[in-house]
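Just below is one structure, and these are the notes that go with it.
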Amino acid sequence: TEKPTALIMIFGATGDLANRKLFPSLYNLFEKGKLDKFAVVGVARRSLSNEEFQLRVKESVKENGETEADIEEFVSKFYYHSHDVTDSSSYLALGKLAEELDSHYGLNGNRIFYLAMAPEFFGTIAEHLKKDKLTDVAGFKRLVIEKPFGHDLESAKVLNKQIRKAFSEDEIYRIDHYLGKEMVQNIEVIRFANAMFEPLWNNRYISNIQVTSSETLGVEERGRYYEKSGALRDMVQNHMLQMVSLLAMEPPIKLTTDEIRSEKVRVFRALRPVKGEEVNEYFVRGQYDKGSMNETDVPAYRQEEMVNPESNTETFVAGRLMIDNFRWAGVPFYIRTGKRMKAKSTKIVIQFKDIPMDLYYQPEKTVNPNLLVIHIQPEEGITLHLNAKKSGQGTDATPVKLNYANKGIDGLNTPEAYEKLLFDSLRGDATNFTHWDEVALSWSFVDNISAVWENTKEPSFPNYASGSMGPDAADKLLEKDGFFWWPIT
Ligand code: NAD
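Heads up: the sequence shown begins at 4 in the UniProt record's numbering, then just goes up one per residue.
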């Protein structure tokens with residue numbers, strides 16, 4: 004493939020995301036020789052010289068364990084612009100710098116605008132980029148935008164309208180970093196490149212699907228943001244529903260951006276809305292209490308910084324989703340995500356239906372159902388749970404596991420999500436970014452649930468101990484259907 008050439012402008016270049024993810028990812032692309040000509044302008048509020056900024060970039064790259072080879076050449080392409088997001092004259096100066104760099108480096112007028120800062124500025128920035136002519140370019144112009152994309156459907160629509168004034172839908176790259184993860188991208192390949200899965204991938208052979216994304220960390224310094232967000236908006240609207248759509252979509256007719264996205268959108272359209280009284284029947288909210296993690300005592304959510312001592316914000320969500328189409332009618336998709344849980348893990352378990360008759364039945368002992376487990380993080384791989392004969396005399400069946408560990412086989416670290424997504428945005432491949440239609444449909448699904456939860460205080464909060472797998476009600480959710488959560492550790 005052709006190597007991309009572009010000027011990359013990072014808004015929020017002194018922030019956490021830029022330091023932890025964006026600079027190291029760019030460095031990796033540079034080191035692997037994947038970029039042609041490029042330059043970076045860091046944009047942020049405080050005043051810094053180019054040299055001071057370059058030093059920060061160097062530190063960030065080193066902290067991420069990169070070698071020093073080529074680092075001087077790499078950082079020499081970094082420039083800094085101290086910026087006020089509401090001031091036109093600041094944009095005009097930025098535009099002038101961009102033009103100079105464009106001609107100095109021969110960047111063909113290609114521009115990436117990466118917004119790595121607080122979402123309340125996204126709309127203003129996009130409007131100024133247009134008004135102050137930073138988007139008048141000879142080459143391509145693309146907007147890369149971080150989550151959260153709005154707070155609900157209404158605010159997402161307002162934001163979308165603002166950014167659409169300056170960029171067309173196909174110039175907008177809405178990041179969902181889960182879509183950059185190796186094993187999330189692998190869902191499609193596992194499904195569509197294997198004769199043994201796709202024929203079974205439906206309600207005749209699958210009994211239920213379980214998607215868990217658990218964190219061990221608490222809210223850390225993000226209390227102020229999280230109080231207004233909660234797990235439903237922070238995780239379910241984007242990452243969890245995106246994984247569900249990849250698991251449930253029909254095979255696309257081609258592996259193009261448009262075909263894949265339209266199949267994903269059809270899943271969101273088939274998602275059965277959960278409203279009013281059904282919300283508490285099919286969704287469970289949790290909030291962590293104090294507890295012990297790795298033998299260290301940790302505080303309850305309500306005791307965290309910037310959190311209301313009587314907070315009604317959920318730090319855990321479990322839910323049962325139904326997809327009303329021919330393929331999935333009757334198959335529950337269970338999702339579960341939370342903070343301060345027992346393990347940091349993202350996993351998908353596909354449980355196949357029981358065999359028609361159990362020849363190996365013994366009292367208290369039935370054969371296990373077949374499971375396909377997709378390990379997203381921290382391990383990457385798949386495990387297939389089968390039954391085989393127990394060695395020795397007799398015909399007893401015993402569970403066996405076939406394991407494929409992604410990292411073990413390749414022998415090297417798979418690139419980080421951000422590295423892949425940055426490269427995709429430079430190449431102009433929007434497949435692993437979320438289209439507006441997906442954003443809108445997933446907000447309308449989630450808004451129905453927020454509407455109920457925000458208007459009723461949950462009396463049981465806090466309802467799960469730090470270091471546990473969430474509230475008991477999350478287990479009951481599956482028990483009602485005759486299932487249970489498969490252990491994820
Ligand atoms: P941060 O608070 O660490 O950084 C904010 C940046 O914005 C700083 O560079 C600051 O100078 C700049 N800024 C703030 N106000 C400004 C103004 N008025 N004018 C110009 N610049 C201004 O934030 P972050 O953690 O890097 O997050 C950035 C975005 O990425 C957010 O939308 C966040 O939700 C999203 N995000 C972050 C992470 C992460 O790991 N940090 C992960 C996923 C998504």
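Note that CB positions come from ideal geometry on N, CA and C, so glycine has one too. As the structure is a computational prediction, the values presented were derived from the model and not from experiment.
Beta-carbon gap between residue i and residue j smaller than 9 Å
i, j, result
"residue 343", "residue 301", "yes"
"residue 350", "residue 376", "yes"
"residue 531", "residue 205", "Residue 531 lies beyond the residue range present for the chain, which begins at 4 and ends at 492; the question has no answer from this structure."
"residue 446", "residue 233", "no"
"residue 212", "residue 334", "yes"
"residue 100", "residue 44", "yes"
"residue 200", "residue 207", "no"
"residue 114", "residue 77", "no"
"residue 305", "residue 317", "no"
"residue 168", "residue 136", "no"
"residue 210", "residue 361", "no"
"residue 347", "residue 224", "no"
"residue 401", "residue 392", "yes"
"residue 476", "residue 180", "no"
"residue 231", "residue 455", "no"
"residue 2", "residue 183", "Nothing can be reported for residue 2, as the shown portion of the chain is limited to 4 through 492."
"residue 275", "residue 326", "yes"
"residue 263", "residue 117", "no"
"residue 10", "residue 47", "no"
Close beta carbons around residue i, own chain, < 8 Å, minus the five adjacent residues each side
i, result
"residue 414", "Only weak support is given to the placement of residue 414: the predicted model assigns it a pLDDT of 43, under 50, and the question is left unresolved by the model."
"residue 412", "Reliability of the predicted coordinates at residue 412 is poor, the pLDDT of 45 falling under 50, and no value is obtained from them."
"residue 172", "438 and 439"
"residue 489", "213, 352, 354, 374 and 376"
"residue 484", "211, 323 and 335"
DSSP bridge partner residues for residue i (one or two, in chain order)
i, result
"residue 166", "In the DSSP output, where bridge partners are listed per residue, residue 166 has none listed."
"residue 319", "289 and 341"
"residue 471", "344"
"residue 146", "116 and 175"
"residue 14", "46 and 118"
"residue 299", "296"
"residue 25", "Partner(s): none; residue 25 has no beta bridge."
"residue 211", "354"
"residue 463", "Per DSSP, none; premise fails for residue 463."
"residue 324", "336"
"residue 9", "41"
"residue 349", "216 and 380"
Same chain, Cβ closer than 6 Å to residue i, five either side skipped, listed in chain order
i, result
"residue 338", "214, 243 and 322"
"residue 93", "86 and 87"
"residue 336", "212, 247 and 324"
"residue 303", "292, 293 and 465"
"residue 533", "Look at the range of the chain in this structure, 4 to 492, and you will see that residue 533 is not part of it."
"residue 408", "384"
"residue 33", "77"
"residue 436", "176 and 177"
"residue 151", "122"
"residue 491", "215, 348 and 350"
Any non-hydrogen atom of the ligand NAP closer than 8 Å to residue i Cβ
i, result
"residue 26", "For the structure depicted, the ligand NAP is absent and the ligand set comprises only the ligand NAD."
Cβ-based neighbour list, residue i, same chain, cut-off 7 Å, excluding 5 preceding and 5 following
i, result
"residue 467", "289, 291, 292, 319, 473 and 474"
"residue 260", "432, 433 and 434"
"residue 26", "60, 63 and 64"
"residue 449", "235, 236, 239 and 240"
Nearest-angstrom beta carbon gap, residue j and residue i [assumed within contact, 8 Å]
i, j, result
"residue 270", "residue 324", "Wrong, their Cβ atoms sit about 10 Å apart, outside the cutoff."
"residue 373", "residue 389", "6 Å"
"residue 110", "residue 8", "6 Å"
"residue 108", "residue 40", "5 Å"
"residue 161", "residue 441", "Incorrect: roughly 18 Å between the Cβ atoms, too far for contact."
"residue 129", "residue 165", "5 Å"
"residue 186", "residue 379", "5 Å"
"residue 418", "residue 31", "7 Å"
Would you mind listing the alpha helix (DSSP H) stretches within the stretch 82-108 that are 4+ residues and don't spill past its ends, in chain order? 91-108
Every unbroken alpha helix (DSSP H) inside the stretch 256-291 [4 residues or more]: 260-273 and 282-285
Pick out the complete alpha helix (DSSP H) segments inside the stretch 431-460, 4 residues or longer, and give them in chain order. 439-458
Minimum length 3: unbroken beta strand (DSSP E) runs contained in the stretch 356-431: 374-380, 384-392 and 400-408
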